[in-house]
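Chemist: Residue numbers (my numbering): 3 to 163.
Positions of the beta carbon are idealized from the N, C-alpha and C atoms, including for glycine.
Remember, predicted model here, so these are calculated numbers, not experimental data.
I'd like to ask you about the structure that follows.
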C-alpha cells in the first residue's frame with residue numbers, strides 16, 4: 003500500500019535543517035509495510051493544498067508534519083481543510099488528547115484530519131516526538147480506516163456490554 007509524507011517547513015524546504023520528522027514518519031510507515039513517497043514544501047497554503055491533492059492521487063494515506071501550531075506561518079490546517087472532502091474529527095481529537103496528556107503544549111495543536119477522494123489525510127506536529135506519538139495513536143485504527151476508504155470488506159469490532 004502506498005503512503006506519502008508531506009513535510010511543511012520553511013527551513014527544511016530551504017535546506018537549512020534536516021527533515022527529522024518527515025524521515026521518522028517515512029521510517030515508521032515503511033516498518034509497517036507501506037511504500038512511501040516524501041515531499042517537502044514551505045509554509046505556503048497554496049503549495050500545501052496542491053501537494054496534498056497531488057499526493058492523494060497515488061497514496062492511500064497522506065501524513066503531514068509541521069505547521070499545526072499558533073505561529074503566523076502555521077497554515078497547514080487551513081490548507082488541509084481547503085482540500086478535504088470530509089473531515090475525520092475523531093482522529094484530530096484523539097491526537098490532541100494524547101498530546102495534551104504528555105505536554106501542555108498539546109493544547110496549541112490545530113491539526114486536521116479527513117478524506118480526499120479515497121485517501122486519508124492527517125496533520126501531525128512538526129517534531130519527531132509528536133510524530134512518533136501521533137503515529138502510535140493513529141496506527142491501531144489505520145488499517146481499518148484505509149480498508150473502509152478503499153471500499154473493501156471489513157469486520158467491525160464492537161464492544162459488547
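Going by DSSP, name the residue or residues bridged to residue 5.
Modeler: Here the question's residue 5 lines up with position 3 in the chain shown. In the DSSP output, where bridge partners are listed per residue, residue 5 has 38, 63.
Chemist: Tell whether a beta-carbon distance below 8 Å holds between residue 124 and residue 86.
Modeler: Within the chain shown, the letter at position 122 stands for residue 124. Within the chain shown, the letter at position 84 stands for residue 86. No, Cβ-Cβ distance for residue 124 and residue 86 is not below 8 Å.
Chemist: Classify residue 17 as buried or exposed, calling it buried when 16 or more other Cβ atoms lie within 10 Å of its own Cβ.
Modeler: Start at 1 with the first residue of the chain shown, and residue 17 comes out as number 15. By the 10 Å Cβ count, residue 17 comes out exposed.
Chemist: For the beta strand (DSSP E) containing residue 186, name the first residue and the last one.
Modeler: Outside the shown range of the chain, which is 3 to 163, sits residue 186, and nothing can be said about it.
Chemist: Can you tell me whether residue 131 is buried or exposed? The criterion is at least 16 other CB atoms within 10 Å of its CB, across all chains shown.
Modeler: Position 129 of the chain shown, counted from the first residue, corresponds to residue 131. Burial call: exposed.
Chemist: Is it true that the CB of residue 42 sits closer than 8 Å to the CB of residue 31?
Modeler: Against the chain shown, residue 31 aligns to sequence position 29. Against the chain shown, residue 42 aligns to sequence position 40. It is not a contact, given that the beta carbons lie outside the stated cut-off.
Chemist: Go ahead and label residue 72 buried or exposed: buried means 16 or more other beta carbons lie within 10 angstroms of its beta carbon, across all protein chains shown.
Modeler: For the purposes of this step, residue 72 is identified with residue 70 of the chain shown, where counting begins at 1. Residue 72 is exposed by the Cβ-count criterion.
Chemist: Please identify the residue among 83, 33, 15, 14 whose C-alpha is closest to the C-alpha of residue 191.
Modeler: What is shown of the chain runs 3 to 163, which leaves residue 191 out entirely.
Chemist: Would you identify the three-state DSSP class for residue 149, choosing helix, strand or coil?
Modeler: By 1-based counting over the chain shown, the position of residue 149 is 147. The answer is helix: DSSP assigns residue 149 an H, G or I state.
Chemist: Start and end of the alpha helix (DSSP H) containing residue 51?
Modeler: Counting from one through the chain shown, the residue named residue 51 turns up at place 49. Per DSSP, residue 51 belongs to the alpha helix (DSSP H) from 47 to 58.
Chemist: Taking only the alpha-carbon atoms, compute the straight-line gap between residue 4 and residue 107 and give it to the nearest angstrom.
Modeler: Locating residue 4 in the chain shown gives position 2, where the first residue counts as 1. Locating residue 107 in the chain shown gives position 105, where the first residue counts as 1. The alpha-carbon atoms of residue 4 and residue 107 are separated by roughly 32 Å.
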